[in-house]
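Peer 1: Provided herewith is a single structure, encoded as structure tokens, for subsequent inquiry.
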Amino acid sequence: MRLLGRIARTDWFGPLVITLVAVTVIGGLSPAFLSSFNIRVLLQAIAVNALIALSQMIIIAIGQMNLSVGAIGGLAAIGFAGMMEVWGLPAPLAAAAALGIGLAAGLVNGAIIAWTGISAFVITLATLSIFKGINLGITEAQPFYGVPAGVKAFGNAVLIGPLPMVAVPAALAAVAIWVTLARLHIGRAILATGGNPHAAELSGISVPGTVVAAHALSGLLAAGAGVLLVARLQIGQPSIGDDWLILSFAAPVIGGAILAGGHVSVAGTLLGVAIVAIITQALVLFDIDPFLVQVVLGCLILGAVGLNRLREVRLGRGALLPS
Amino acid sequence: MVAEDPPLAAPASGVARSDGRVRFYLTNEFGLALLIVLFASVFYALTPGFLSAFNLFALGRIAAVNILIGFSMMAVIVTGGLNLAIGAIGACAAMACGWMIEGLGLPWPLAVFAGLALGAALGLVNGWAVVVTGLHSFIITLATMSIFFGAMIFLTRAESFRVLPQVFSDFGRMKLAVVVSPLFLVALGAGAALMLLYRLTVTGREMLAAGARPEAAELSGIRVGRMVMLCHALSGLLAAVAAMLVIARNGAAIPSMAGQLGQDWLLPAFLGPVLGGTLLTGGKVSVTGTLLGALLVTMLINGLLLQQVGEFWIQTVLGLLLLLAVFLDRARRGYLAHRGLA
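The following block contains the structure:
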């Protein structure tokens, strides 16, 4: 009973139930949903979106926000495709360089925020525009078509059964982030800074250093999503990243992240990504208007933040009771 | 206290005169006016066409929309919040207006009025959600931006309303005294109204007080929740006014007029108030500053385009400008605090 109660109170329990119910209901109504091909497509979408969501989650963990996630991902994506097409770099080298671009962009964000103390919202709004402008300045809004066959093959390949190759780097990243937040010093520092920056500073954590590290990590993850998306789309689109903003907040929030910082859940965020992907696909499967996806996403965010708020209030009251 | 200071403090007495003068030179308004004159001269020297009647007219038309977008964001920043849904509300208001004329056959003044009312109503929804949940307006308006825009695209099937009465495009093309667009006068009128609101009316003062110190305001009998809702409604209304001006400029109501989810309005919305010295933490506004800030941004874009700086790089320039503005603002505040003037 006690174990059950503890499980029911975790961040990932609610989203897990929703995911399972959604899969059962949709699979029952439309058998095509559980076909091997459809599961593969679903997992491909989840893989990329997971990196986008984790990129935002890290920043939510320190109690800030990063509006430039999509712009960094887009810049890394066109960097990746462009370096292969124009300079003829081998794919692994180009991918590493693209991740480097993301890391550098994240470092810029973090350094400016930590150094000036100006709100992350304004700084990342400005860098969003700067990164997007560099992207458009380089590409002049034309895509890079010369993505090598090897990269294209990777984007379509499957590991076993319906499990796509692109899910591998995403899964590795998710595990790495989980280990970082749960076990490593820097991860604990990130959560402590988000929970209470003053207390973190007093207990010997360098808050500016932590902020810079979190933003660098966020940039790296966003760049990873951009690179994977190039492999999946088989083309270096300058518009990659334009529509990431809503999703990047929706998934962590559905996964129980508290926007004030200090409390995030990797498993919850991944389930949040899955829920969004399943609902988006269901709208297509049942011929419901795809235009409604935006409305559903918005409602999901509102519902999730409302629920989190309620849970927060309950937990807060619960803590006051004698145990 | 913060809300009490008018932005342009005149020198009071002999001792304070030099301090007052320093303070005047360090106001955002003075700096912005200086920059506008400076850049106008530079652009004029490089391309004399910059100050041609045609370009000034075009400049005024674009500036009018940017100014109103800036006002719309400023109205919410007053409360220490923000409104990401400005572009989405604007697009909804424009499309509603277009539909009422084309779909319902309503006369245009009624349709414009309904569009403005819809903008205010959507803003009110934002404000209500913020007050009821106690959550930050960032996440609420992020969600409603998606909802409003998605619903609008769903209802309109992403199709424009192009058969609008001549009156809209006539208004957009009208030239007063050869160079002045009536759109610009609408923006100036809105600015004057806002200035009256914040300086002279009780409601305006209460909005500022609620933004500066919510607890103190609550204790002194201001209904802070109601003020927050009112500020959001005002923001929605101003976004709708901006949308009506865009209809007049385009002669049509187009769903993509503010980009995907209305995100294209976001940067200009913040540039105006931030350049103009509106405090992001709330409690202090500068209507003149926002107006001058939006004017400067519009002029820079126009001037750079005339210089054939690739239009793709403009976005980078705007981002750098926003960074520069917040850095300068911080430095200026630091200097004023150091000299004990702020």
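Line order of the protein sequences matches chains A and B.
Counting in this note's numbering, the first sequence runs without a single skipped number right up to 324 at its last residue.
Counting in this note's numbering, the second sequence runs without a single skipped number right up to 348 at its last residue.
The beta-carbon is built from N, C-alpha and C at its ideal position, and this holds for glycine as well.
Against serine 47 (chain B), what residues of chain A qualify as contacts under a CB-to-CB distance less than 8 angstroms, listed in chain order?
Peer 2: Walking along the second sequence from the start, residue 47 (chain B) turns up at place 41. Per Cβ cutoff of 8 angstroms: no residues; serine 47 (chain B) is ~26 angstroms from chain A at best.
Peer 1: Taking contact to mean at least 3 C-beta pairs separated by less than 8 angstroms, is the region 233–248 of chain B in contact with the region 81–97 of chain B?
Peer 2: yes
Peer 1: Threshold first: 4 residues or longer. Then list the alpha helix (DSSP H) segments lying entirely within the region 201–277 of chain A, N to C.
Peer 2: 208–234, 246–255
Peer 1: Please identify, using Cβ separations under 9 angstroms, the residues of the region 125–149 of chain A that lie next to chain E, in order along the chain.
Peer 2: Note that chain E does not occur in the displayed structure, where the protein chains are A and B.
Peer 1: So what's threonine 11 (chain A) in DSSP terms, helix, strand or just coil?
Peer 2: Counting from one through the first sequence, the residue named residue 11 (chain A) turns up at place 10. Coil.
Peer 1: Let me know the secondary structure DSSP gives valine 21 (chain B) once reduced to three states.
Peer 2: The residue labelled residue 21 (chain B) in the question sits at position 15 within the second sequence. For valine 21 (chain B), the predicted structure reports a pLDDT of 47, less than 50, and the residue's modelled location is therefore unreliable. A value from the coordinates is still provided. Coil.
Peer 1: Ignoring anything shorter than 4 residues, give me the alpha helix (DSSP H) runs that lie fully in the region 256–300 of chain B, in order along the chain.
Peer 2: 272–281
Peer 1: Only counting the same chain, and skipping five residues up and downstream in sequence, which positions put a Cβ closer than 7 angstroms to that of isoleucine 102 (chain A)?
Peer 2: Numbered from 1 along the first sequence, position 101 holds the residue referred to as residue 102 (chain A). The answer, listed in chain order, is Leu76, Ala77, Gly80, Ala224.
Peer 1: Compare the C-beta of threonine 270 (chain A) against all C-beta atoms of chain B and say whether one is closer than 8 angstroms.
Peer 2: Here residue 270 (chain A) refers to the residue found at position 269 of the first sequence. False, the Cβ-Cβ gap to chain B never drops below 8 angstroms.
Peer 1: Below 8 angstroms on C-beta distance, what does serine 120 (chain A) contact in chain B?
Peer 2: As a working mapping, residue 120 (chain A) is identified with position 119 in the first sequence. Within 8 angstroms Cβ-Cβ: Leu286.
Peer 1: Closest Cβ-Cβ distance between leucine 329 (chain B) and chain A: below 8 angstroms?
Peer 2: Along the second sequence, one-based indexing puts residue 329 (chain B) at 323. So, interface residue.
Peer 1: Which chain B residues sit within Cβ distance under 8 angstroms of methionine 66 (chain A)?
Peer 2: Numbered from its first residue, the first sequence carries residue 66 (chain A) at position 65. The contacting residues are Phe144.
Peer 1: So is tryptophan 13 (chain A) buried or exposed if we call it buried at 16+ other beta carbons inside 10 Å?
Peer 2: As a working mapping, residue 13 (chain A) is identified with position 12 in the first sequence. So tryptophan 13 (chain A) counts as buried.
Peer 1: Going by the CB atoms, is the gap between isoleucine 241 (chain A) and glycine 1 (chain A) shorter than 8 angstroms?
Peer 2: Shown here, chain A extends from 2 to 324; a query on residue 1 (chain A) therefore has no answer.
Peer 1: On the DSSP letters alone, give me the boundaries of the alpha helix (DSSP H) that isoleucine 63 (chain A) sits inside.
Peer 2: Position 62 of the first sequence, counted from the first residue, corresponds to residue 63 (chain A). Element bounds for isoleucine 63 (chain A): n/a, residue is neither H nor E.
Peer 1: To which residues does DSSP link proline 144 (chain A) through a beta bridge?
Peer 2: Mapped onto the first sequence, residue 144 (chain A) falls at position 143. Paired residue(s): none; proline 144 (chain A) is not in a bridge.
Peer 1: May I ask you to list the residues that DSSP assigns as paired with phenylalanine 5 (chain B)?
Peer 2: Shown here, chain B extends from 7 to 348; a query on residue 5 (chain B) therefore has no answer.
Peer 1: Could you name the residues of the same chain whose beta carbon sits closer than 8 angstroms to that of isoleucine 206 (chain A), not counting the 5 residues immediately before and after it, in chain order?
Peer 2: Counting from 1 along the first sequence, the entry for residue 206 (chain A) is found at position 205. Only Ala190, Ala193, Thr194 meet the Cβ criterion.
Peer 1: For leucine 311 (chain B), collect the residues of the same chain with a Cβ closer than 8 angstroms to its Cβ; drop the 5 residues on either side in sequence, then sort them by chain order.
Peer 2: One-based indexing of the second sequence puts residue 311 (chain B) at position 305. Cβ neighbours of leucine 311 (chain B) beyond the five flanking positions: Glu317, Ile320.
Peer 1: Give a yes or no on contact between the region 65–81 of chain B and the region 287–303 of chain B, applying the rule of three or more CB pairs nearer than 8 angstroms.
Peer 2: yes
Peer 1: Any beta-carbon of chain A closer than 8 angstroms to the one on alanine 157 (chain B)?
Peer 2: Residue numbering aside, residue 157 (chain B) sits at position 151 when the second sequence is read from its first letter. Cβ-Cβ to chain A under 8 angstroms: yes for alanine 157 (chain B).
Peer 1: What first and last residue would you give for the beta strand (DSSP E) that runs through valine 180 (chain A)?
Peer 2: Position 179 of the first sequence, counting from 1, holds the residue named residue 180 (chain A). Where valine 180 (chain A) is concerned, there is no enclosing beta strand (DSSP E), although the alpha helix (DSSP H) it sits in stretches over 168–184.
Peer 1: Give the range of the beta strand (DSSP E) segment to which valine 173 (chain B) is assigned.
Peer 2: Taking the first residue of the second sequence as position 1, residue 173 (chain B) is located at position 167. Run containing valine 173 (chain B): none in the beta strand (DSSP E); it sits in the alpha helix (DSSP H), 172–179.
Peer 1: Which of the three DSSP states, helix, strand or coil, is assigned to leucine 57 (chain B)?
Peer 2: Numbered from 1 along the second sequence, position 51 holds the residue referred to as residue 57 (chain B). Here leucine 57 (chain B) sits in helix by DSSP.
Peer 1: Which residues in the same chain as alanine 68 (chain A) place their Cβ atom closer than 6 angstroms to its Cβ, once the five residues preceding and following it in sequence are excluded?
Peer 2: Working through the first sequence from its first residue, we reach residue 68 (chain A) at position 67. With the sequence shown as reference, residue 68 (chain A) is identified as leucine, and alanine is not the correct amino acid for it. Contacts found: Thr125, Leu126, Leu129.
Peer 1: If the cut-off is 7 angstroms on Cβ atoms, which residues from the region 105–118 of chain A count as contacting chain B, listed in chain order?
Peer 2: Thr117
Peer 1: To the nearest angstrom, how far is the alpha carbon of leucine 5 (chain A) from that of isoleucine 19 (chain A)?
Peer 2: In the first sequence, residue 5 (chain A) corresponds to position 4, counting from 1. In the first sequence, residue 19 (chain A) corresponds to position 18, counting from 1. One C-alpha to the other measures close to 17 angstroms.
Peer 1: Quick one: grab the DSSP three-state call for leucine 90 (chain B).
Peer 2: In the second sequence, counting from the first residue as 1, residue 90 (chain B) sits at position 84. Three-state DSSP puts leucine 90 (chain B) in coil, outside helix and strand.
Peer 1: Can you give me the start and stop residues for the alpha helix (DSSP H) that valine 323 (chain B) sits inside?
Peer 2: For this step, residue 323 (chain B) is matched to residue 317 along the second sequence. Element bounds for valine 323 (chain B): 320–344.
Peer 1: Can you round the beta-carbon distance between proline 261 (chain B) and threonine 162 (chain B) to whole angstroms, since I take them to be within the 8 angstroms contact cut?
Peer 2: Here residue 261 (chain B) is taken as the residue at index 255 of the second sequence, counted from 1. Here residue 162 (chain B) is taken as the residue at index 156 of the second sequence, counted from 1. Correct: roughly 6 angstroms between the Cβ atoms.
Peer 1: Can you pull the chain A neighbours of alanine 218 (chain B), defined as C-beta to C-beta under 7 angstroms?
Peer 2: As a working note, residue 218 (chain B) is residue 212 in the second sequence. Ordered by position in chain A, no residue passes the 7 angstroms Cβ test against alanine 218 (chain B), which lies about 17 angstroms from the chain.
Peer 1: If you draw a straight line from the C-alpha of leucine 112 (chain B) to the C-alpha of methionine 106 (chain B), how long is it?
Peer 2: The count along the second sequence starts at 1 and reaches residue 112 (chain B) at position 106. The count along the second sequence starts at 1 and reaches residue 106 (chain B) at position 100. Cα-Cα distance, rounded: 6 angstroms.
Peer 1: Roughly how many angstroms separate the alpha carbons of histidine 238 (chain B) and glycine 162 (chain A), rounded to a whole number?
Peer 2: Residue 238 (chain B) sits at position 232 when you count from the first residue of the second sequence. Residue 162 (chain A) sits at position 161 when you count from the first residue of the first sequence. In a straight line, the C-alpha of histidine 238 (chain B) is about 51 angstroms away from that of glycine 162 (chain A).
Peer 1: Could you name the residues that DSSP lists as bridge partners for isoleucine 1 (chain A)?
Peer 2: Since the displayed chain A opens at 2 and closes at 324, residue 1 (chain A) lies outside it and no answer follows.
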